[in-house]
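Novice: Once you've had a glance at the structure underneath, I'll fire off some questions.
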Amino acid sequence: MSENAPFARLPEAASFSVTSTTVGDGDAWSPEQLASGVPGGRDVSPQLSWSGAPEGTKSYAVTIYDPDAPTGSGFWHWAVADIPAAVTELPEGAGDDTGSGLPEGAFQLPNDARVARYIGAAPPAGHGPHRYFVVVHALDVASIGVPADATPALLGFTMAGHILGRAVLTATAETAAAAA
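In this text, residue positions in the sequence shown follow my numbering: the first is 45, and each later residue adds one.
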C-alpha cells in the first residue's frame, strides 16, 4: 500500500459523516463489492448514508477511488454527480448498469474501465492491500455542470472550487499471490 493521500493537495473542506451497512470504515469489501472477474465478485455498489453536511449544500457527488492501483494515477471505480441536496442515502446496488437506485437528476460518469456504473475492487494478485476511498462531496451548486461522458478526474477538478464538505469512508481489498 502506498502513502498516496488523495486529498493532500485539495482545498480544505468541512467534515461530515458517511456510513454504510455494506462495509465499515477500515474494513474489507465483501465479495459482492469485488469485480465480477474476482471469485465471488458481483460489482454491486455499496449502500451509503450521510448526515451533517454543511449549511448551503445544494447537491452531492459520490466517488470511489483506489489510489493504490498500479497505474500512476490510481483507479476510479465509481462517480455519481448531481445528487439532490435532499437525498442522504444510496441503496446497495444503485450503481448498476442503469443507475436504477439513483435519485432523479443524478447520473453516473464512466469509471476508469470506461463504463458508467460501479465496478468492483480487483487488486492485482500479490500487490498487497488497496484502499478504496468512498467519498460523499457536499457541493455549493445544484448541478456541477460536467457532461455525462466526463471522466471522474474532470469531475474532481470541476468540483474543487465547489466543495463545502467531504465525508470519507475507507474500505480495503487484497488478492493473495498465487501459490508457487
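A virtual CB, placed ideally from N, CA and C, is assigned to each residue, including glycine. Please read these numbers as outputs of a predicted model, since none were measured by experiment.
Between residue 211 and residue 152, what straight-line distance do the alpha-carbon atoms span, to the nearest angstrom?
Specialist: Cα to Cα, residue 211 sits roughly 19 Å from residue 152.
Novice: By Cβ distance below 8 Å, which residues in the same chain neighbour residue 80 in space, the five residues on each side in sequence not counted?
Specialist: For residue 80, where only same-chain residues beyond five positions count, the Cβ hits under 8 Å are 86, 87, 164.
Novice: Relative to the alpha-carbon of residue 105, which residue among 118, 197, 222 has its alpha-carbon at the smallest distance?
Specialist: Of the listed residues, the one whose Cα sits closest to residue 105 is 197.
Novice: Using only alpha-carbon positions, find the residue among 139, 160, 101, 190 that is nearest to residue 131.
Specialist: The candidate whose alpha carbon is nearest that of residue 131 is 101.
Novice: Does the distance from the C-beta atom of residue 75 to that of residue 68 stay below 8 Å?
Specialist: Their beta carbons are not under 8 Å apart, which means residue 75 does not touch residue 68 by this criterion.
Novice: Can you confirm whether the stretch 136-144 touches the stretch 183-194 when touching is taken to mean that 3 or more C-beta pairs between the two stretches lie within less than 8 Å?
Specialist: No contact exists between the stretch 183-194 and the stretch 136-144.
Novice: Mind checking whether residue 108 and residue 94 have CB atoms under 8 Å apart?
Specialist: Cβ distance not < 8 Å, so residue 108 and residue 94 don't count as in contact.
Novice: Closest to residue 171 by CA distance: which of 162, 195, 62, 110 is it?
Specialist: Of the listed residues, the one whose Cα sits closest to residue 171 is 110.
Novice: Should residue 59 go down as buried or exposed, given a rule of 16 or more other Cβ atoms within 10 Å for buried?
Specialist: Looking at its Cβ environment, which holds fewer than 16 other Cβ atoms inside 10 Å, residue 59 is exposed.
Novice: To the nearest angstrom, how far is it from the Cα of residue 136 to the Cα of residue 66?
Specialist: Those two C-alpha atoms are separated by around 7 Å.
Novice: Which residues bound the beta strand (DSSP E) around residue 51?
Specialist: It is not in any beta strand (DSSP E) - residue 51 carries neither H nor E in the DSSP assignment.
Novice: For residue 148 and residue 127, what's the separation of their Cα atoms in angstroms?
Specialist: In a straight line, the C-alpha of residue 148 is about 8 Å away from that of residue 127.
Novice: Hey, residue 176 and residue 217 are a contact pair by Cβ (cut 8 Å); roughly how many whole angstroms apart?
Specialist: Going by Cβ atoms, the distance from residue 176 to residue 217 rounds to 7 Å, so yes, they are a contact pair.
Novice: In the structure shown, what three-state DSSP assignment does residue 146 receive?
Specialist: Residue 146 falls in the coil class under three-state DSSP.
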